[in-house]
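Structure first, then comments.
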Amino acid sequence: MTDSAERRTHLPQASDRLDDLALARRAGMPHWAVTTISLVVMLAAWEFFGRDINPVFGSYPSAIAVAFWELTTSGLLGRALLQSLQPFAAGFALAIAVGVPLGLVIGRFRAVEAAIGIYVTAGYAMPLVALVPLLMLWLGLGFAVKAAVVMLMSVFPICINTWVGVGAVPKSLIDVGKSFVASDRTILRRIVLPATLPYIMAGIRLAVGRAVVAMIIAEFFTAISGLGAIIINSANNFDTARMFVPVVVLMVLATLLTALIGAIERRVAPWQAEIAGRDRD
Amino acid sequence: MGEVSLIDITKRFAVRDGREAQLVRALEQVSFTVANGEVVALIGPSGCGKTTLLRIAMGLESATAGRVLVDGREVTGCGYDRGMVFQQAELLPWLTALENVMFGLEMKGVRGAALDEAATRALALVGLKDAGNRRPYQLSGGMQQRVGIARALAIDPKVLLMDEPFGALDAQTREGLQAELLDLHARTGKTILFVTHDLDEAVLLADRVVVMREGRVRDIMDVPLQRPRVDPAAIRGSSAFAATRYRVWRAVHDLPELVH
């Protein structure tokens with residue numbers, strides 16, 4: 319910190335060109351390049367060591383790629399993905415629609431916090447897998463139960479993060495609303511909600527991973543379908559490479575979704591990046 | 016009109032000190048009146064209750080006892096007859112400068128063309144006509160506070176309440192804004208009650224200075240400087256300024272008044 323500050327203020331000298339080079343070197347590689355190299359190294363190592371393993375016990379990238387190609391050209395993967403994404407999207411949307419308002423209200427009103435905060439905290443730790451049979455009794459084996467499992471798994475991180483976010487809204491901003499005689503409702507909508515947005519987005523990001531897990535759990539335990547079905551069927555046939563395809567697809571999907579949410583966050587809360595700029599090595 | 020009367024304002028609250036609850040007497044029977052169009056400064060050491068008093072006058076806090084009257088009508092909460100300027104501007108970071116000014120107007124129920132017009136006019140009043148589309152983080156501290164003042168003025172309150180409005184700014188910016196506030200007061204004639212810990216600011220801006228100590232009014236001092244005060248530099252150099260500043264300084268430090 320101090321030496322770069324000096325660098326900016328000191329008088330021009332012959333050594334400046336060297337300094338510039340040093341600065342450029344320190345700025346380092348772009349973020350994406352580091353990530354790409356990391357991926358390449360990881361995949362290469364997996365390929366190298368994976369080939370020595372019995373194909374029932376493990377697999378490696380090129381075998382998975384072949385299986386991916388087969389599953390894609392046969393149309394199976396596409397259909398399964400579509401089948402999985404429908405309850406996923408419905409359950410996730412419902413989790414946002416319920417979790418955000420609930421978190422706002424719990425965070426804003428002490429009485430609500432005292433009354434239902436405890437269920438949210440406990441619900442976060444709920445062993446959902448154990449409850450799936452019960453949910454099946456209520457909702458059957460189809461779309462509804464899958465959406466419900468996704469929703470139940472992802473609503474809590476969203477709700478809790480929103481709740482915590484409300485607590486972090488500066489009291490002085492609430493005072494601004496009050497000083498203009500804004501109602502509780504208006505303060506919640508016009509001040510608390512936008513001020514909490516970065517927390518809400520972080521909660522949604524955390525929820526993505528849980529929602530993906532929930533989707534597969536639902537497909538395992540209810541009517542076997544979608545990507546979960548490919549996993550189960552491949553595992554039963556000891557076709558490990560094929561089993562890895564949906565797993566990798568899901569991981570890529572979750573990563574893309576997280577990046578998308580990050581991009582949305584920068585759009586809807588651009589001030590956050592300015593105020594809380596990250597300055598790290 | 017815009018006369019503010021504080022009548023026997025008392026504020027006590029309990030603070031937990033270890034195991035025992037301790038009663039804090041933040042304000043004890045504070046009474047004074049700010050006349051219509053007058054500028055009054057509240058000054059005193061930190062913890063003397065001046066900000067609490069201002070918040071009670073605004074309606075953001077309630078008094079344990081006593082009454083606040085604006086033009087004879089008792090205040091029971093926040094209202095559009097008073098506009099608050101906060102210490103750190105407290106702009107909403109997701110809104111542009113113009114939208115921030117509009118916020119108060121919208122709360123008041125102003126809509127459509129009138130909303131645009133009033134907000135633009137208020138921004139122009141503080142010299143920020145061209146910065147309306149910028150967001151708070153793109154404005155300097157001084158500009159942010161000007162938007163804060165514009166937001167309070169936009170709803171056309173009778174009284175402007177300001178909580179150390181320039182306390183967070185650097186000395187030069189502060190002096191610029193003090194001059195602007197003098198000008199603003201000359202043009203709008205608003206009643207202004209402001210909290211400060213800056214003696215120069217109190218004397219330069221106010222018609223009277225209320226010196227508080229330990230939750231009570233220790234002294235109320237007239238500032239014998241003419242209005243309009245168009246030349247702050249000359250005022251700062253005047254003997255009346257220096258003498259008043261010294262009198263207020265003695266009061267703030269709880270020293271007896273000098274008798275000539």
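Line order of the protein sequences matches chains A and B. For the first sequence, the numbering used here assigns the number 319 to the initial residue and increments by one for each residue that follows. For the second sequence, the numbering used here assigns the number 16 to the initial residue and increments by one for each residue that follows. By construction, the Cβ of each residue, glycine as well, lies at the ideal position given by its N, Cα and C atoms.
Examine chain B for any beta-carbon lying closer than 9 Å to the beta-carbon of Leu455 (chain A), and answer yes or no. no
Counting only beta-carbon atoms, is Asp493 (chain A) nearer than 9 Å to chain B? yes
Is Arg150 (chain B) close to chain A, meaning its C-beta is less than 9 Å from at least one C-beta of that chain? yes
Please tell me whether Ile550 (chain A) has its Cβ less than 9 Å away from any Cβ of chain B. no
Enclosing beta strand (DSSP E) for Gln44 (chain B) [first to last residue]: Glu35 to Val49
Determine contact between the segment 91-107 of chain B and the segment 45-54 of chain B, defined as no fewer than three beta-carbon pairs at a distance below 8 Å. no
Kindly identify the DSSP beta-bridge partner or partners of Phe538 (chain A). For Phe538 (chain A), which the question treats as bridged, DSSP gives no partner whatsoever.
Just how far apart, CA to CA, sit Val226 (chain B) and Ala266 (chain B)? 7 Å
Is Lys144 (chain B) buried or exposed, if buried means 16 or more other CB atoms sit within 10 Å of its CB? exposed
Reduced DSSP secondary structure (H/G/I, E/B, other) of Ser402 (chain A): helix
Taking the Cβ atom as the reference point for each residue, do Val487 (chain A) and Val510 (chain A) lie within a distance shorter than 9 Å? yes
Under 9 Å between the Cβ atoms of Ala112 (chain B) and Leu120 (chain B)? no
For Ala500 (chain A), return the contacting residues in chain B, with the cut-off set at a CB-CB distance below 8 Å. Met122
So what does Ala29 (chain B) bridge to, in DSSP terms? B:Leu38
Which residue's Cα is closest to the Cα of Leu412 (chain A): A:Ala363, A:Cys477 and A:Ser392? A:Cys477
Beta carbon of Ile424 (chain A), beta carbon of Gly441 (chain A): below 9 Å? no
From Leu219 (chain B) to Asn148 (chain B), what does the alpha carbon distance come to, in whole angstroms? 33 Å
Counting only Cβ pairs nearer than 8 Å, list the residues of chain A close to Met73 (chain B). Ser497
DSSP has Ser20 (chain B) in a bridge; who is on the other side? B:Thr48 and B:Leu84
Report the partner residues of Asp178 (chain B) according to the DSSP bridge assignment. B:Val210
Can you tell me whether Pro239 (chain B) is buried or exposed, with buried defined as 16 or more other CB within 10 angstroms of its CB? exposed
Ile509 (chain A) touches chain B at which residues, Cβ-Cβ below 8 Å? Leu107
In this structure, how does DSSP classify Gly147 (chain B) when only helix, strand and coil are distinguished? coil
Which stretch, first to last residue, makes up the beta strand (DSSP E) that contains Ile235 (chain B)? Arg231 to Asp237
Specify, as a first and last residue, the run of the beta strand (DSSP E) that Ile58 (chain B) falls within. Val54 to Ile58
Mind pulling the chain B residues with CB within less than 8 Å of Trp589 (chain A)? Pro108, Trp109, Arg150, Pro151 and Tyr152
Three or more C-beta pairs closer than 8 Å, one from the segment 574-581 of chain A and one from the segment 388-404 of chain A: is that the case here? no
To the nearest angstrom, how far is it from the Cα of Gly527 (chain A) to the Cα of Ala513 (chain A)? 25 Å
With a CB to CB cut of under 7 Å and the five nearest residues on each side skipped, what residues in its chain are close to Ile382 (chain A)? Ala559, Phe562, Val563 and Val566
Count the other CB atoms, across all protein chains shown, that sit within 10 Å of the CB of His200 (chain B); report buried if there are 16 or more and exposed otherwise. buried
Is there a Cβ of chain B sitting closer than 9 Å to that of Ala513 (chain A), yes or no? yes
So what does Gly98 (chain B) bridge to, in DSSP terms? B:Leu175
Ranges of the alpha helix (DSSP H) found wholly within the segment 541-571 of chain A, counting only runs of at least 4: 544-554
Please check the pair Val224 (chain B) and Glu179 (chain B), which I expect to be a contact at CB under 8 Å, by giving their CB distance rounded to whole angstroms. 15 Å between Cβ atoms; not a contact.
Of all Cβ atoms in chain B, is any one closer than 9 Å to the Cβ of Thr504 (chain A)? yes
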